[in-house]
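Here the structure is laid out as structure tokens; the discussion comes afterwards.
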Amino acid sequence: MVKIDWFLIISDLKKAGISGREIARRLNVSVSTVVMWKNGSSPSYEKGVMLMKMWESTR
């Protein structure tokens with residue numbers, strides 16, 4: 002199983018101009034949830050897929 006670096010993904014999104022608040026809004030989660038993912042927690046499968054798609058759209 003591949004370990005996904007959520008810190009890197011969220012950092013890349015922020016560098017692309019997408020704030021933590023905007024990530025939270027798009028995924029329908031709290032800002033504190035996005036912070037937890039950045040600090041080492043893993044999102045659910047569904048939210049992880051959504052986050053990856055958001056990240057891919059900025060590449």
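Numbered continuously in our numbering, the sequence shown closes out at residue 60. Glycine included, each C-beta is placed from N, C-alpha and C at the ideal position.
Endpoints, the alpha helix (DSSP H) within which residue i is located
i     : result
Asp13 : Trp7 to Lys16
Arg27 : Gly21 to Leu28
Assumed close pair residue i, residue j - CB separation to whole angstroms, cut-off 8 Å
i     : j     : result
Met53 : Arg27 : Met53 to Arg27, Cβ: 13 Å. No contact.
Ile11 : Trp38 : 6 Å
Val35 : Gly21 : 5 Å
Rounded C-alpha distance that separates residue i from residue j
i     : j     : result
Ser31 : Ala25 : 6 Å
Lys51 : Pro44 : According to the sequence shown, residue 51 is Met rather than Lys. Whole-angstrom Cα-Cα distance: 10 Å.
Gly41 : Ala17 : 21 Å
Trp7  : Glu23 : 16 Å
Val3  : Glu47 : 16 Å
Where residue i falls, given that 16 or more other Cβ within 10 Å makes a residue buried
i     : result
Leu14 : buried
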